[in-house]
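Here is the structure we will look at.
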Ligand SMILES: [Fe+2]
Ligand SMILES: [Fe+2]
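Residue numbers (this note's numbering): -10 to 348.
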């Protein structure tokens, strides 16, 4: 399966790749470094992108680049890394076949801005290798997230009907196919709230199936997963994708998303109380140490307890710019040791779901 090998390939000659650029790339992706003289045909599957950090002022380098790399599929994005952002270097890069250029030294945020649309396109094209049910679940969900975020910013509430229909397609993809494959197909996607919400929803559907929920309840759980972080529509991108840990002021902004999410759902008038409660309280802890309302024990509903477990698990198994991904086993061990955060009995029942995610 193509996803198993999808990575970013950095091609260099001469002095090697800028260390801070490499560090920034490795925070988000699996990176392979090749030399200009290597044969890319030896790669297993198409990479998500090629990053060329080579001396384009040397005609011999340009020839080697053309002969060895530019004959590969035009669908793989080509980003040229330049040491100088002068006009002549930029013109040279596009003439040599660049789809985008990145000038060093670049901040994580600039790298993200250049890479995100190109990589998302490459990731979404790889979805064509999945089964029809999986492919349509991913495409329908992505479109729903994109449309909903635009609509909310225009002041329109999210459509309960659209989320409920989309949850049916995610349930079909997760219940009848393998969830780890779906999860893997999303891993490199840069639209963080979409990706995370899909991780949470897939985890919840797997968990609900394990617990023997009926069709209607699986649908409620899945829909709650899709919208649990809808309030992040108001969280600035600079905070959502900050490559370091958040400072106290940024945390304060981040911690508004449950209340914002509940308010957005309440405005529409057709969302169930249970789903609004899960959006509002998925960061509460059983010991009362969570937010925003410091609920404790029985005050945290059953659905919210499930969402809170799936939410924490999904965050731990995901790679972020400030932390590596954990395997399902490592994530579960971390959650077990976090005493007082989760419903302990429910967490123990979650073990088979967690252990099915290998990393
Ligand atoms: Fe959240
Ligand atoms: Fe979340």
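The C-beta atom is built at its ideal place from N, Cα and C for all residues, glycine as well.
Computed from a prediction, not measured in an experiment: that's the story for all the values here.
Counted as a single uninterrupted DSSP element, the alpha helix (DSSP H) harbouring residue 16 occupies residues 8 to 17.
For the stretch 245 to 271, the continuous alpha helix (DSSP H) assignments of 4+ residues that do not extend past its boundaries occur at 246 to 257 and 262 to 270, in sequence order. Under the three-state reduction of DSSP output, residue 185 falls in the helix class. Only residues of its own chain outside the window of five on either side were considered, and among them 45 have a CB closer than 6 angstroms to the CB of residue 81, listed in chain order. Only exposed fits residue 204, as fewer than 16 other CB atoms lie within 10 angstroms of its CB.
Short note on residue 75: C-beta not closer than 7 angstroms to any heavy atom of ligand 1. Counting only the Cα atoms, residue 77 lies some 44 angstroms from residue 171. Setting aside the 5 residues that flank it on each side, residue 174 is surrounded in the same chain by -8, 112, 115, 116, 119, 123 and 127, each with a C-beta closer than 8 angstroms to its C-beta; the list follows chain order.
Taking a cut-off of 5 angstroms from the heavy atoms of ligand 2, the residues with a C-beta inside it are 218 and 300. Three or more Cβ pairs closer than 8 angstroms define a contact, and the stretch 188 to 208 falls short of that threshold against the stretch 234 to 246. C-alpha of residue 148 to C-alpha of residue 194: approximately 21 angstroms in a straight line. Residue 1 holds the alpha-carbon nearest to the alpha-carbon of residue 42 among 1, 57, 135 and 271. By the C-beta criterion, the stretch 174 to 184 is judged not to be in contact with the stretch 277 to 297, since fewer than 3 inter-stretch pairs fall below 8 angstroms.
Between ligand 1 and residue 247, a heavy atom-to-CB distance of less than 7 angstroms is present. A distance criterion of 7 angstroms places the beta-carbon of residue 272 in contact range of ligand 1, judged by its closest non-hydrogen atom. Counting along the chain, the unbroken beta strand (DSSP E) around residue 22 starts and ends at 20 to 24.
Contact check between the stretch 83 to 91 and the stretch 12 to 24: fewer than three CB pairs, one atom from each, fall below 8 angstroms, which does not count as touching. DSSP, reduced to helix, strand and coil, places residue -3 within a strand of the structure shown. Under the three-state reduction of DSSP output, residue 275 falls in the coil class, being neither helix nor strand.
Counting only residues of its own chain and dropping the five nearest sequence neighbours on each side, residue 160 has a CB closer than 8 angstroms to the CB of 194, 207, 208 and 211. Contact annotation: the stretch 242 to 257 touches the stretch 134 to 147, with at least three C-beta pairs closer than 8 angstroms. Residue state for residue 42 is assigned as strand, using DSSP reduced to three classes. Residue state for residue 142 is assigned as helix, using DSSP reduced to three classes. When DSSP states are grouped into helix, strand and coil, residue 294 belongs to the helix group.
Straight-line spacing of the CA atoms in residue 262 and residue 143 works out to 24 angstroms. By the CB criterion at 8 angstroms, residue 331 and residue 306 fall outside the cutoff. Bridge partners of residue 68 according to DSSP: 40 and 89.
Between residue 303 and residue 224, the C-beta gap is not smaller than 8 angstroms, which leaves the two residues out of contact.
In this structure, residue 247 keeps its C-beta atom at 8 angstroms or more from the C-beta atom of residue 227. Remark: C-beta atoms of residue -3 and residue 36 approach each other more closely than 8 angstroms. Not a single unbroken stretch of the beta strand (DSSP E) spanning 3 or more residues falls wholly within the stretch 221 to 245. The three-state reading of DSSP puts residue 55 in helix, counting H, G and I together. In this chain, the alpha helix (DSSP H) harbouring residue 333 covers 333 to 338.
In the structure shown, the three-state DSSP call for residue 176 is coil. Under the three-state reduction of DSSP, residue 312 is assigned to strand.
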